[in-house]
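J.: One structure, pasted below without further comment.
There are 2 protein chains.
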Amino acid sequence: MGLERLFQAKSVAVVGASATPLKLGHTLLTNLIEGGFRGPLYPINPKEREILGLKAYPSLSAVPDPVDLVVISVPAAVVPAVVEEAVKKKAGAAIIVSGGFREAGNAEGERQLVQTARAGGLRVVGPNCQGLAYLPNRLCATWPVQRLEGPIAVVSQSGTVAAALADWATEDGLGISCMLALGNKTDVAETEAIDFLAGDGRTKVIAVYSEGLGDGRKFMEALKRATAKVPVVLLRGGRTPTGHAAAQTHTKSLAGQYEVFASLAEAAGATVVSSVEALYDAAKAYGGIARPAGRRVAIITSSGGAGVLATDAGVEAGLEPARLSDATTTALREKLPPRCSVRNPIDLTGDGTAEQYEAVIRTAAPDPGVDAFLAIFGDPIPGAAATVKKLQQEQAKPIVVVFLGGGEVEARERQAFAEARIPVFSSPERAMRGLGLVAAGRGI
Amino acid sequence: MGLERLFQAKSVAVVGASATPLKLGHTLLTNLIEGGFRGPLYPINPKEREILGLKAYPSLSAVPDPVDLVVISVPAAVVPAVVEEAVKKKAGAAIIVSGGFREAGNAEGERQLVQTARAGGLRVVGPNCQGLAYLPNRLCATWPVQRLEGPIAVVSQSGTVAAALADWATEDGLGISCMLALGNKTDVAETEAIDFLAGDGRTKVIAVYSEGLGDGRKFMEALKRATAKVPVVLLRGGRTPTGHAAAQTHTKSLAGQYEVFASLAEAAGATVVSSVEALYDAAKAYGGIARPAGRRVAIITSSGGAGVLATDAGVEAGLEPARLSDATTTALREKLPPRCSVRNPIDLTGDGTAEQYEAVIRTAAPDPGVDAFLAIFGDPIPGAAATVKKLQQEQAKPIVVVFLGGGEVEARERQAFAEARIPVFSSPERAMRGLGLVAAGRGI
Chain A
122 MGLERLFQAK SVAVVGASAT PLKLGHTLLT NLIEGGFRGP LYPINPKERE ILGLKAYPSL
182 SAVPDPVDLV VISVPAAVVP AVVEEAVKKK AGAAIIVSGG FREAGNAEGE RQLVQTARAG
242 GLRVVGPNCQ GLAYLPNRLC ATWPVQRLEG PIAVVSQSGT VAAALADWAT EDGLGISCML
302 ALGNKTDVAE TEAIDFLAGD GRTKVIAVYS EGLGDGRKFM EALKRATAKV PVVLLRGGRT
362 PTGHAAAQTH TKSLAGQYEV FASLAEAAGA TVVSSVEALY DAAKAYGGIA RPAGRRVAII
422 TSSGGAGVLA TDAGVEAGLE PARLSDATTT ALREKLPPRC SVRNPIDLTG DGTAEQYEAV
482 IRTAAPDPGV DAFLAIFGDP IPGAAATVKK LQQEQAKPIV VVFLGGGEVE ARERQAFAEA
542 RIPVFSSPER AMRGLGLVAA GRGI
Chain B
122 MGLERLFQAK SVAVVGASAT PLKLGHTLLT NLIEGGFRGP LYPINPKERE ILGLKAYPSL
182 SAVPDPVDLV VISVPAAVVP AVVEEAVKKK AGAAIIVSGG FREAGNAEGE RQLVQTARAG
242 GLRVVGPNCQ GLAYLPNRLC ATWPVQRLEG PIAVVSQSGT VAAALADWAT EDGLGISCML
302 ALGNKTDVAE TEAIDFLAGD GRTKVIAVYS EGLGDGRKFM EALKRATAKV PVVLLRGGRT
362 PTGHAAAQTH TKSLAGQYEV FASLAEAAGA TVVSSVEALY DAAKAYGGIA RPAGRRVAII
422 TSSGGAGVLA TDAGVEAGLE PARLSDATTT ALREKLPPRC SVRNPIDLTG DGTAEQYEAV
482 IRTAAPDPGV DAFLAIFGDP IPGAAATVKK LQQEQAKPIV VVFLGGGEVE ARERQAFAEA
542 RIPVFSSPER AMRGLGLVAA GRGI
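From first to last, the protein sequence lines stand for chains A and B.
If you count by our numbering, then the first sequence holds residues 122 to 565, one letter each, in order.
If you count by our numbering, then the second sequence holds residues 122 to 565, one letter each, in order.
What follows is the structure in structure tokens.
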């Protein structure tokens, strides 16, 4: 049994759906509705006849039609009976949000539950998990609600880490294809999820947070298959012995030797990072920056200092400063005021305008010495987002954007960039690290 | 001549003050007014009789009273005459915002200018700079306007980098004591600025961005003097050969060997970083986290995954997980629901409440095995800010805050933390790196 009836579920039942706002069974049903799920939704609750405008059923077996996915949010003691019912109902998958299993010392209860499910062909996400959003299917069986479909798939043992990445991707206007929080991952784990997502045709990068990976060989094989199609970024929790011990308390995973894991994963084509922000930044880069033909970057900046920092960071990220041709330099000299530097980094100074950024990129884009642009808006520059959007449509070389500063113009332009779905980096260093990853083409 | 008449100016003239909004000479005067400067302000403009409600003078010499500080925003060609006038007026310092000197190939003009100033006892900031905000004197001769006084002094060759740090410090509710953008630094440079700020009694940390440091030995000596009083964090632009070349185009500084510089600076007690965000994070930590008695951290989290990441990051930052005493563990077990883990990291799970964070910190604060707390709010937890504020007043052990997630509750709580002037870190890793610096006591 694959994961098709999980990700591509055509119908969903919510066992423990509640009419009471703020209860999890209410939130889950609300988010499925607000997420825009197009198939039938069945709230299951013996005490209600209708919840959120949907007919409620007293039990799974009372639902007259087939159910692909069963979302379970009831007390742990009741879960086994619901799983049995889901098997009888011939459901394809269950997401068990409820806690109270292995993580609470009830390993036996979890073992039995997965035994029942496996015998009945039911795939299980969780227990003790934050569920799944899969945007290509407008399926939002999680919280918070996810609406903005985009290139990044998040697969995480931790619901909080998953939600943080999804939040950041939404704020940045990039969006996600998937947010899968695995919890105790008694059945569905990283390996299969990565296999599915790498081949779904919608996911452009997979970001994984894991505290332990079960069958390491199978995982590495899946990683190789996946990175042949899309980049995979990995953050491992429990890298240090004490972190490992904390991970064991938390999810009882076995962590193994981190260094060995990291080198095998890199050899399998993954990008291995060591912080949650680096995980997001790498996913943002792979999902939001077009791959340049080479490593030579032309920097355009309104701040000389930011240009210097970008140059340093570019070198440290394995990039090279573009050497502009004499023709480009001469043309720039004609188009820009004398105060501007026309060598790379091209410094428009604090009086730089969006029109000048446009003139520079138009002039330098045909230069065969330039593979990509880094546009640093270090001052309030109205029109920045509209200009970059237009230039991205007109020519193929990637334009990576940094917007520094926290004033009104900056806030407005950041919003405009997000609406245009152009990722903005908050520092030259983060942007260059991202571009460096994409240019190196790791995992593609 | 020291820098007292610059930082502690009792009266300020703005040469090139303009009545036209959006002109720099208008912004500068506006910001001096809005920044709350308490001494007399003299707009100098031969074409106006009054600007922004203040009497305007045709020239510096027409001002009847003494002038400490002259802010100059006029075309480069006019600057030498203004400097001569400032000398005649016996002003103590000039901030030359105007560009068009060394950075534009006019090194000779700059040399003459500084000669005139030095002969006349006039200290010069700039030219080609974004000026100075010094909050203890409510002096805001820069842009954007700076109003929130706090612990961080920013000294930067780049105006954009200076403003980015000041913006971030304001957003975080920390605030700045100083934002000094040195530009071409033909006279006033890092060395003297650090000397002054380390001894002003208001600055708790100095963050420096520099692309080259003139007399290296004098700088290192100033660094030693300064770090005996307050931490100093250094970011050097032009670390790589190509970055160095970019820095030379930009400000014509000589960079020297970076590795030598970095090791000397570390030996002198400074914290050396390599990105603008690391510069800010370190300043935020030194300025916003009380120094703990030791390195043992108790982590309280609503997210097991974030607790694992924090544990890893803590070890990597030189910290240790606190071992709670049996008495503490027993007391926590009585106070918390069975689902919670009462060993470090203390995991309240996704249903954690502000009251539970309070109970944990109250219970664990007297434990001699705990030096500091890391409170991770990985879910929407109303009341988080009010609780931490209260606990910080009740007990002395530092509480470092991480707030993950981008929902409504999180936005509200972030705002409440900023209003309470408690810095919030956006990831466990950044928080632990900050706490690690403070616990190591570098530079104090």
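Where is the CB? At the ideal position from N, CA and C, for every residue including glycine.
All figures in this text were calculated on a predicted structure; none of them were measured in a lab.
(1) Only counting the same chain, and skipping five residues up and downstream in sequence, which positions put a Cβ closer than 6 angstroms to that of Gly160 (chain B)?
(2) Output the distance between the C-alpha atoms of Glu531 (chain B) and Gln278 (chain A), rounded to the nearest integer angstrom.
(3) Can you tell me the Cα-Cα spacing of Leu301 (chain A) and Arg268 (chain A), whole angstroms?
(4) Please classify Ala448 (chain B) as buried or exposed, where buried requires at least 16 other C-beta atoms within 10 Å of its C-beta.
(5) So Val275 (chain B) and Ala287 (chain B) are in contact, right, with Cβ under 8 angstroms, and what is the actual spacing, rounded?
(6) Whole angstroms are fine: how far does the CA of Gln536 (chain B) sit from the CA of Asn465 (chain B)?
(7) Quick one: measure Cβ to Cβ for Gly320 (chain A) and Lys350 (chain A), integer angstroms, because I've assumed they're closer than 8 angstroms.
(8) State yes or no: is the beta carbon of Gly358 (chain A) nearer than 8 angstroms to at least one beta carbon in chain B?
(9) Determine, using beta carbons only, whether Gly241 (chain B) and Ile216 (chain B) come nearer to each other than 8 angstroms.
(10) Under 8 angstroms between the Cβ atoms of Gly400 (chain B) and Leu356 (chain B)?
(11) On the premise that Ala505 (chain B) lies in contact with Ala475 (chain B), defined as a C-beta separation below 8 angstroms, what is that separation, rounded to the nearest angstrom?
(12) Cα separation between Phe524 (chain A) and Arg542 (chain A)?
(13) Which of the three DSSP states is assigned to Ala419 (chain B) in this structure?
(14) When the Cα atoms are used, what is the spatial distance from Glu313 (chain B) to Asn249 (chain B)?
(15) Please list, in chain order, the residues of the region 175 to 200 of chain A that have any C-beta partner in chain B closer than 7 angstroms.
(16) What does DSSP give as the partner residue(s) for Gly174 (chain A) in the beta ladder?
(17) Can you tell which of A:Thr281, A:Ser396, A:Ala443, A:Tyr255 has the C-alpha that lies nearest to the C-alpha of Pro489 (chain A)?
(18) Near Phe538 (chain B), what residues of its chain come up, given a Cβ to Cβ distance below 6 angstroms and the 5 sequence neighbours on each side ignored?
(19) Under 9 angstroms, CB to CB, which of the residues in the region 402 to 436 of chain A have a partner in chain B?
(20) Which residues does DSSP list as the beta-bridge partners of Gly252 (chain A)?
(21) What separation, rounded to the nearest whole angstrom, lies between the Cα atoms of Gly226 (chain A) and Val235 (chain A)?
(22) Are any of the Cβ atoms in chain E nearer than 8 angstroms to that of Gln278 (chain A)?
(23) Got a sec: which bits of the region 309 to 326 of chain B sit with their beta carbon under 7 angstroms from any beta carbon on chain A, in order along the chain?
(24) Note down the Cα distance separating Ala431 (chain A) from Ser462 (chain A), rounded to an integer number of angstroms.
(25) Counting contacts by CB-CB distance shorter than 8 angstroms, is Leu295 (chain A) in contact with chain B?
(26) My understanding is that Arg126 (chain B) touches Asp189 (chain B), with C-beta atoms under 8 angstroms, so please give their C-beta distance in whole angstroms.
(27) Distance, Cα to Cα, Ser384 (chain B) vs Ala404 (chain B)?
(28) To which residues of the same chain is Thr450 (chain B) closer than 6 angstroms at the C-beta, ignoring the five residues directly before and after it?
(29) Mark Ser182 (chain A) as exposed unless 16 or more other C-beta atoms lie within 10 angstroms of its C-beta, in which case mark it buried.
(30) Confirm, please, whether the CB-CB distance from Arg416 (chain A) to Leu440 (chain A) is below 8 angstroms.
(31) Hey, Val326 (chain A) and Pro272 (chain A) are a contact pair by Cβ (cut 8 angstroms); roughly how many whole angstroms apart?
(32) So which residues on chain A does Pro442 (chain B) lean against when the C-beta distance must stay under 8 angstroms?
(33) Taking Cβ positions only, does Gly527 (chain B) come closer than 8 angstroms to chain A?
(34) Using a Cβ cut-off of 9 angstroms, pull out every chain A residue sitting near Glu332 (chain B), in sequence order please.
(35) If I measure Cβ to Cβ from Tyr255 (chain A) and keep anything under 7 angstroms in the same chain, skipping five residues before and after, which residues do I get?
(36) Give, in chain order, every residue of the region 487 to 509 of chain A whose Cβ lies closer than 9 angstroms to some Cβ of chain B.
T.: Taking the structure as given:
(1) As a position in the second sequence, residue 160 (chain B) is number 39, starting the count at 1. If we look at Gly160 (chain B) and ignore the five residues flanking it on each side, its Cβ neighbours are Lys131, Ser132.
(2) The residue given as residue 531 (chain B) occupies position 410 in the second sequence. The residue given as residue 278 (chain A) occupies position 157 in the first sequence. The straight-line gap from Cα to Cα measures roughly 22 angstroms.
(3) The residue given as residue 301 (chain A) occupies position 180 in the first sequence. The residue given as residue 268 (chain A) occupies position 147 in the first sequence. Taking the straight line from one Cα to the other gives about 14 angstroms.
(4) By one-based count along the second sequence, residue 448 (chain B) stands at place 327. It is exposed - the Cβ of Ala448 (chain B) has fewer than 16 other Cβ atoms within 10 Å.
(5) In the second sequence, residue 275 (chain B) corresponds to position 154, counting from 1. In the second sequence, residue 287 (chain B) corresponds to position 166, counting from 1. Their Cβ separation, rounded to whole angstroms, is 6 angstroms, which keeps Val275 (chain B) and Ala287 (chain B) in contact under 8 angstroms.
(6) Translated into the one-based positions of the second sequence, residue 465 (chain B) becomes position 344. Translated into the one-based positions of the second sequence, residue 536 (chain B) becomes position 415. Their backbone Cα atoms lie some 28 angstroms apart in a straight line.
(7) As a position in the first sequence, residue 320 (chain A) is number 199, starting the count at 1. As a position in the first sequence, residue 350 (chain A) is number 229, starting the count at 1. Between Gly320 (chain A) and Lys350 (chain A) the beta-carbon gap is near 7 angstroms, inside 8 angstroms, which marks them as a contact.
(8) Within the first sequence, residue 358 (chain A) is the residue found at index 237, counting from 1. It does; some Cβ of chain B falls within 8 angstroms.
(9) Counting from 1 along the second sequence, the entry for residue 241 (chain B) is found at position 120. Counting from 1 along the second sequence, the entry for residue 216 (chain B) is found at position 95. Not a contact, by the Cβ cut-off of 8 angstroms.
(10) Here residue 400 (chain B) refers to the residue found at position 279 of the second sequence. Here residue 356 (chain B) refers to the residue found at position 235 of the second sequence. According to the sequence as given, residue 400 (chain B) is Leu; it is not Gly. Yes.
(11) To locate residue 475 (chain B), count along the second sequence from 1; it is residue 354. To locate residue 505 (chain B), count along the second sequence from 1; it is residue 384. Contact between Ala475 (chain B) and Ala505 (chain B) holds: CB atoms are separated by about 5 angstroms, below the 8 angstroms threshold.
(12) The count along the first sequence starts at 1 and reaches residue 524 (chain A) at position 403. The count along the first sequence starts at 1 and reaches residue 542 (chain A) at position 421. Each residue's alpha carbon lies about 15 angstroms from the other.
(13) Taking the first residue of the second sequence as 1, we reach residue 419 (chain B) at position 298. Ala419 (chain B): strand per DSSP, three-state reduction.
(14) The count along the second sequence starts at 1 and reaches residue 313 (chain B) at position 192. The count along the second sequence starts at 1 and reaches residue 249 (chain B) at position 128. One C-alpha to the other measures close to 19 angstroms.
(15) Going along the region 175 to 200 of chain A in chain order, one finds no residue with a Cβ nearer than 7 angstroms to chain B.
(16) Residue 174 (chain A) sits at position 53 when you count from the first residue of the first sequence. According to DSSP, which records beta bridges pairwise, Gly174 (chain A) is partnered with nothing at all.
(17) Along the first sequence, one-based indexing puts residue 489 (chain A) at 368. Taking only the C-alpha atoms, the option nearest Pro489 (chain A) is A:Ala443.
(18) Numbered from 1 along the second sequence, position 417 holds the residue referred to as residue 538 (chain B). Excluding residues within five positions, the ones whose Cβ falls inside 6 angstroms are Ala506, Val545.
(19) Taking 9 angstroms as the Cβ-Cβ cut-off, the region 402 to 436 of chain A approaches chain B at Ile420, Thr422, Ser423, Ser424, Gly425, Gly426, Ala427, Gly428, Val429, Leu430, Ala431, Thr432, Asp433, Ala434, Gly435, Val436, given in chain order.
(20) Sequence index remark: in the first sequence, residue 252 (chain A) carries index 131 (1-based). DSSP, once it has assigned bridges, lists A:Thr263, A:Ala302 as partnering Gly252 (chain A).
(21) Within the first sequence, numbered from 1, the residue matching residue 226 (chain A) stands at position 105. Within the first sequence, numbered from 1, the residue matching residue 235 (chain A) stands at position 114. When rounded, the distance between both Cα atoms is 16 angstroms.
(22) In the displayed structure, chain E is absent; the protein chains listed are A and B.
(23) none
(24) Counting from 1 along the first sequence, the entry for residue 431 (chain A) is found at position 310. Counting from 1 along the first sequence, the entry for residue 462 (chain A) is found at position 341. Going by the C-alpha atoms only, they are around 16 angstroms apart.
(25) Within the first sequence, the letter at position 174 stands for residue 295 (chain A). No, Leu295 (chain A) lies away from the interface with chain B (no Cβ there is under 8 angstroms from its Cβ).
(26) As a working note, residue 126 (chain B) is residue 5 in the second sequence. As a working note, residue 189 (chain B) is residue 68 in the second sequence. At roughly 5 angstroms, the Cβ-Cβ gap stays under 8 angstroms, so Arg126 (chain B) and Asp189 (chain B) are in contact.
(27) For the purposes of this step, residue 384 (chain B) is taken as residue 263 along the second sequence, with counting starting at 1. For the purposes of this step, residue 404 (chain B) is taken as residue 283 along the second sequence, with counting starting at 1. Rounded to the nearest angstrom, the two C-alpha atoms are 20 angstroms apart.
(28) Walking along the second sequence from the start, residue 450 (chain B) turns up at place 329. Result list for Thr450 (chain B): Val463, in chain order.
(29) For the purposes of this step, residue 182 (chain A) is identified with residue 61 of the first sequence, where counting begins at 1. That one is exposed.
(30) Residue mapping note: residue 440 (chain A) aligns to position 319 of the first sequence, counting from 1. Residue mapping note: residue 416 (chain A) aligns to position 295 of the first sequence, counting from 1. Cβ distance < 8 angstroms, so Leu440 (chain A) and Arg416 (chain A) count as in contact.
(31) On the first sequence, position 205 is the one that residue 326 (chain A) refers to. On the first sequence, position 151 is the one that residue 272 (chain A) refers to. With a Cβ gap of about 6 angstroms, Val326 (chain A) and Pro272 (chain A) count as contacting.
(32) As a first step, residue 442 (chain B) is located in the second sequence; it is residue number 321 there, counting from the start. Those are Thr363, Ala367, listed as they occur along chain A.
(33) Counting from 1 along the second sequence, the entry for residue 527 (chain B) is found at position 406. Cβ-Cβ to chain A under 8 angstroms: yes for Gly527 (chain B).
(34) To locate residue 332 (chain B), count along the second sequence from 1; it is residue 211. Within chain A, the residues near Glu332 (chain B) are Gly425, Gly426, Val429.
(35) As a working mapping, residue 255 (chain A) is identified with position 134 in the first sequence. These residues qualify, in order along the chain: Phe128, Cys299.
(36) Ile497, Gly499, Asp500, Pro501
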